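Below is one structure; the comments refer to it alone.
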Amino acid sequence: MSDSIATRLTQLEAAVGRAAEAVARLREENDRLRRDNRRLEDERKQMLAQIDAVLRDIAKLDL
Numbered sequence: 777m778s779d780s781i782a783t784r785l786t787q788l789e790a791a792v793g794r795a796a797e798a799v800a801r802l803r804e805e806n807d808r809l810r811r812d813n814r815r816l817e818d819e820r821k822q823m824l825a826q827i828d829a830v831l832r833d834i835a836k837l838d839l
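Numbering-wise (this note's numbering), the sequence shown opens with residue 777 and increments by one.
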């Protein structure tokens with residue numbers, strides 16, 4: 777009986793180790809995705825500013 781408990785404990789420890797590694801990978805990926813999101817938000821703001829400028833210039837043309 778104690779052999780099965782020891783075996784089960786070893787399996788559980790291994791599973792906890794794998795879970796900890798998975799959490800670390802997911803945190804790294806989450807950080808990367810947050811950086812990508814910030815970059816894309818900045819690009820979007822820049823494009824919107826450019827579009828607004830173009831629309832203002834078009835409005836000034838008095839077509």
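All C-beta atoms in this analysis are idealised placements derived from N, C-alpha and C, irrespective of residue type, glycine included. This structure is a prediction, so every number in the text was calculated from the model and none was measured.
Express the C-alpha separation of residue j and residue i in angstroms, rounding to a whole number.
i: THR783; j: LEU809; result: 39 angstroms
i: ASN751; j: ALA835; result: Any question about residue 751 goes unanswered here, given that the chain covers just 777 to 839.
i: ALA795; j: ARG803; result: 12 angstroms
i: LEU831; j: MET823; result: 12 angstroms
i: ARG848; j: LYS821; result: Nothing about residue 848 can be read from this structure; the chain reaches only from 777 to 839.
i: ASP828; j: LEU788; result: 58 angstroms
i: ASN806; j: GLN826; result: 30 angstroms
i: ASP779; j: VAL799; result: 30 angstroms
i: THR786; j: GLU797; result: 17 angstroms
How would you write the range of the alpha helix (DSSP H) that residue i sits in, first residue to last?
i: ASP838; result: Counting along the chain, ASP838 falls outside any alpha helix (DSSP H), and DSSP gives it neither H nor E.
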